[in-house]
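Student: These protein sequence lines are chains S and D, in that order.
For what it's worth, my numbering labels the leading residue of the first sequence as -8, then goes sequentially.
For what it's worth, my numbering labels the leading residue of the second sequence as 6, then goes sequentially.
Where a beta carbon is used, it is the ideal one built from N, C-alpha and C, also for glycine.
Can you read through this structure? Questions will come right after.
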Amino acid sequence: MLSRKSIWFMAMAVFASAVMAVACGGEKKEEGVTPGALKGDLEIFSWWTTGGEAAGLQAMYDLYPKTCSPDVKIINATVAGGAGFNARQVLTTRMLGGDPPGSFQVHMGHELTDTWVTTGYMEPLDALFAQENWTNIFPKGVLDIVSYEGKPYSVPVNIHRANVLWYNKKVFTDNNLKPPTTFAEFFTVADALKAKGITPLAPGDNGIWASTQVMETVLIGSLGPDAYKGLWTGKTDWKSAEVTKALETFQRMLTYVNSDHSSLSWDQANDLVIKGQAAMSIMGDWLHADNVAKKFENSGWMPSPGTAGVYDALSDTFGLPKKAPNPEAVKCWLKLVGSKAGQEAFNPKKGSICARTDCDASLFDTYLQSSMQDWKKDTIVPSLAHGAAASQGWVEEINDATTAFVTDRNVSAFQGRLSQACVNAKVCKTTATR
Amino acid sequence: MNEAGAANSVKTRRPLLRLPRPLLRLHNIVSDRVLAVGLIVPSVVAVLVFVYGFIGWSALVSVSQWDTVRPDYTFVGFDNFRNLFHNFRFLIDIRNTVVFTVFFVGACLVIGFVLASLLDRQIKGEGIFRSIYLFPMAVSFIVTGVAWRWLLAPRAGVNLLAEKLGPGNLDYGWYTDPTVVFIHPGSRFGEALHSLGLGFLADANFGIPLALFSVVIAATWQMSGFVMVLYLAGLRAIPEELKEAARADGANELQVLRRISLPLLRPVTLSAMIILGHQSLKIFDLVVSMTQRGPGFATDVPALFMFETTFQGNHFARGAAISIVMLLSVSVLVIPYLYWSLRKEARL
């Protein structure tokens, strides 16, 4: 006779194996699409979940039935998190697991190229670019960044600027101060504000990328655009005295920030500026959409210190993964993303400018119009924190080094780690010491 | 084991489980042993594949040079581990884990024991108190993390509460305080350590980050009730005669506690330490939801580093190496315990 104990044990074993059988069975995806009439599902993967971003994305979805086909069901697969921090992890798992979405949002530049293109996970889009005449419509600088070995791999939908200094106009007029254009002016203004009990600079670096982004604007402002670009190709020495000077400037800037910066997200930090508790923030121009949403009228903007005439650019793009389900529907989505109608529907809501050069300026508000003009005449440099300048692995190591620096404030250790990161990324030669 | 024991004491002796008819018929054909083995095999196979198989695979990745999204199993020996122990973030993580484990386990044991001894006084409404203290354990660490992030936010929560209630704003940064308390290499104690060849201890990387205490508070809030229940069961198992005998011999309550209760509670303490210890070595969700590793890396932990370096930086080999180090550190704690308890079971 079996004891009760073993009966229980067996019952558990049966249950466990039944669960296993169900869990491992899985379901097979339907494949194969009839060419011509577009049908089936189209899964678009992004991290646009809130406010203007989500509204802009929805505006493009609304155009899909007219432009492409009313019979395609769009699946809006979103994973929340600033700068795609969480979304990328989900995407990696899906891509490596052989279950790519139809199309996914990815930053233009090395984030796409080094992660997915060189490793052979993406389809080239040269035919689509030729067919839509995009080679003439997108600026040359953008085409260079989205291309690898001469072929484009993703369609840019927008352009954001990372090097913007945002300030509370009222705080500045009340204290008879002028917004700073150079680092020297910045520190003068910051001292004056600090004396009045106002936090000069309000970063919110609860996301790991936010400190890196402030650091990148300091590098541009201190080194100049060409030397900054050289950092990513190995031409500028990470151990040079110029980089030391830039990092010391960054170090000094960090003495003017709110003490709880690490507990705030960038938009929570912006609330401090809106309330007048803080005077300035250095953040990308998605902050403008936050100001509009919060009906903040006293917002002023200018290039971050030392970066007048430089456009630190990043862009969201969409591409076509190999083995994507329903590729014809995806191609029509990409056509829509690159079209004038698509970009004019998306960008005013998202608070970014068109990657195309022929968008109607009257659709955009004052800030975006000024940004469109700068985009045409400024020197364009790729953003580091947002994947345009360096590979994901390199950015991750720089994020680590910056995060440690924000607390330990040790410039020489920081510089050593940054130059080691360049070596690890196989861009700098292996002469660096550990 | 306990179910069987409890069932035997039930007077009606109703069978706990009646085998379905087909299984009973099967039971007549094959022997107990064959049936038992046959039923266990599927789950054993599943565990072998999904637990041990993947541990083996992680070990394989940890000695490879897989550094992009494209798998690359070229053997590089222990390079990844060597680099890991030169990585500043990983060294900080080890420090944080040690500090967190010591304070978290220590606080849980002390608070749990104190609560248990108070409840053991046969007070009124013991059940209610027991539930109140045990309930935090029912929430997930994610919820705990979010709640305590709000409670300890410097511009809100506890600071604001203190301001409104009178004592004035505490003006304390809680988990945003970047201070790391450490032995300065130039101090007398630092120099003394240096002369002993332990100079590396006098370094910011071996200090105690204050922000970590906020996380310790949250984790202790969640887990000390569990330790209380363990201790309460342990206290109830101590025969009253032993205490009475000690009292009759003239021992005061403190001596009864020190000489009778505490030694008899040693197995409970050990179990609690193992359970809390392995949890604290692997902690991830609480830190993610509460502090996001900040400020700087003051509250960073190896699990978070592993997650980010793997899925954010695509350094798969490094991520695998971190998980293997974590596995080994947990094993150091758990394996002797398993060995000890299995041996004890065999003796029984």
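Report the CB separation of Gly93/S from Asn317/S in whole angstroms; it is logged as a contact under 8 Å.
Tutor: Yes, Gly93/S and Asn317/S are in contact; Cβ-Cβ is about 6 Å, under 8 Å.
Student: Can you give me the C-alpha to C-alpha distance between Val146/S and Glu114/S, rounded to a whole angstrom?
Tutor: Answer to the nearest angstrom: the Cα atoms are 12 Å apart.
Student: Of the residues that make up the stretch 313 to 342 of chain D, which ones have a beta carbon closer than 8 Å to any beta carbon in chain S?
Tutor: Here the close residues are Glu313, Thr314, Phe316, Gln317, Gly318, Asn319, His320.
Student: Using a Cβ distance threshold of 8 Å, determine whether the stretch 83 to 95 of chain D contacts the stretch 327 to 336 of chain D, with at least three qualifying pairs required.
Tutor: Counting Cβ pairs under 8 Å, three or more are found: they touch.
Student: Which of helix, strand or coil does DSSP assign to Lys142/S?
Tutor: Three-state DSSP puts Lys142/S in a strand.
Student: Does any C-beta atom of chain S lie closer than 9 Å to the C-beta of Thr181/D?
Tutor: Thr181/D counts as touching chain S.
Student: Please list, in chain order, all residues of the same chain as Lys161/S whose beta carbon is under 8 Å from its beta carbon, the five residues on each side excluded.
Tutor: Excluding residues within five positions, the ones whose Cβ falls inside 8 Å are Gly267, Asn289.
Student: How would you label Lys57/S, buried or exposed, when you count the other beta carbons within 10 angstroms and need 16 or more for buried?
Tutor: Exposed.
Student: What are the partner residues of Val185/D, as DSSP defines its beta bridges?
Tutor: According to DSSP, which records beta bridges pairwise, Val185/D is partnered with Pro214/D.
Student: Once the 5 residues before and after Ala46/S are set aside, which same chain residues still bring their CB inside 7 Å of it?
Tutor: Lys340, listed in sequence order.
Student: Phe321/D and Asp98/D look like a contact to me (Cβ under 8 Å); what is the Cβ gap, rounded to whole Å?
Tutor: Between Asp98/D and Phe321/D the Cβ distance is about 18 Å, and since that is not below 8 Å, they are no contact.
Student: Answer with buried or exposed for Ser343/S, where buried requires no fewer than 16 other C-beta atoms within 10 angstroms of its C-beta.
Tutor: The residue in question, Ser343/S, is buried, as its Cβ has 16 or more Cβ neighbours within 10 Å.
Student: So for Asp32/S, helix, strand or coil by DSSP?
Tutor: Strand.
Student: On a Cα-Cα basis, can you pick out the residue from Gly300/S, Ser138/S, Ala183/S, Phe36/S that is closest to Gln364/S?
Tutor: Measuring from the Cα of Gln364/S, the nearest candidate turns out to be Gly300/S.
Student: List, in order along the chain, the chain D residues whose C-beta lies closer than 8 Å to that of Asn197/S?
Tutor: Correct list: Gln297, Gly299.
Student: Identify every run of the beta strand (DSSP E) within the stretch 227 to 292 of chain S, keeping only runs that are complete inside it and at least 3 residues long; order them along the chain.
Tutor: Whole beta strand (DSSP E) segments, 3+ residues: 269 to 274.
Student: What are the start and end residues of each continuous beta strand (DSSP E) run of 3 or more residues lying completely inside the stretch 278 to 304 of chain D, in chain order?
Tutor: Qualifying beta strand (DSSP E) stretches: none in this window.
Student: Short of 7 Å in beta carbon distance, which residues of its chain neighbour Leu269/D, apart from the five on each side in sequence? Order them along the chain.
Tutor: Within the same chain, Leu269/D has close Cβ partners Ile243.
Student: With the cut-off set at 9 Å, would you say Ser410/S and Trp229/S are in Cβ contact?
Tutor: In contact: Ser410/S and Trp229/S (Cβ atoms closer than 9 Å).
Student: Within 9 Å (strictly less), CB to CB, does Ser374/S reach chain D?
Tutor: Not one chain D Cβ lies under 9 Å of Ser374/S.
Student: Can you name the start and end residues of the alpha helix (DSSP H) that Gly195/D belongs to?
Tutor: Run containing Gly195/D: 193 to 200, per the alpha helix (DSSP H) assignment.
Student: Can you give the Cα-Cα distance for Leu263/S and Leu238/S, rounded to whole angstroms?
Tutor: Distance between the alpha carbons of Leu263/S and Leu238/S is about 26 Å.
Student: Identify the continuous beta strand (DSSP E) that holds Asn67/S and give its terminal residues.
Tutor: Start and end: 64 to 69.
Student: Note down, in chain order, each residue of its chain lying with its Cβ closer than 6 Å to the Cβ of Ala218/S, except the 5 sequence neighbours on either side.
Tutor: Thr227, listed in sequence order.
Student: Starting from the beta carbon of Leu214/S, find every residue of chain D whose beta carbon is closer than 8 Å, and list them in chain order.
Tutor: Residues of chain D passing the Cβ test: none, with the nearest at roughly 24 Å.
Student: Report the CB separation of Phe287/S from Ile265/S in whole angstroms; it is logged as a contact under 8 Å.
Tutor: The Cβ separation is near 5 Å, so the contact holds.
Student: Can you tell me the Cβ-Cβ gap for Gln383/S and Asn319/D, rounded? I've got them flagged as a contact below 8 Å.
Tutor: With a Cβ gap of about 6 Å, Gln383/S and Asn319/D count as contacting.
Student: Flag this pair as touching only if the stretch 353 to 369 of chain S and the stretch 275 to 284 of chain D have three or more C-beta atom pairs under 8 Å; answer yes or no.
Tutor: Result no; under three Cβ-Cβ pairs closer than 8 Å.
Student: Determine the burial state of Pro300/D: buried for a count of at least 16 other Cβ atoms within 10 Å of its Cβ, exposed for fewer.
Tutor: Pro300/D comes out buried.
Student: Does any C-beta atom of chain S lie closer than 9 Å to the C-beta of Ile97/D?
Tutor: Cβ-Cβ to chain S under 9 Å: yes for Ile97/D.
Student: State the DSSP-derived secondary structure class of Ile128/S, mapped to helix, strand or coil.
Tutor: Helix.
Student: Give, in chain order, every residue of the stretch 99 to 128 of chain S whose Cβ lies closer than 9 Å to some Cβ of chain D.
Tutor: Listed by position along the chain: Asp105, Thr106, Trp107, Thr109, Thr110, Gly111, Tyr112.
Student: Is Val236/D near Ala143/D, with beta carbons less than 9 Å apart?
Tutor: The identity of residue 236/D in the sequence shown is Tyr, whereas the question assumes Val. No, these two residues do not count as a Cβ contact at 9 Å.
Student: What does Cys413/S pair with, by DSSP beta-bridge criteria?
Tutor: DSSP lists no partner for Cys413/S.
Student: How about Val74/D: is its C-beta nearer than 9 Å to some C-beta of chain S?
Tutor: Judged by the 9 Å Cβ criterion, Val74/D is in contact with chain S.
Student: Taking Cβ positions, are Met51/S and Leu327/S nearer each other than 9 Å?
Tutor: The answer is yes: Cβ separation under 9 Å.
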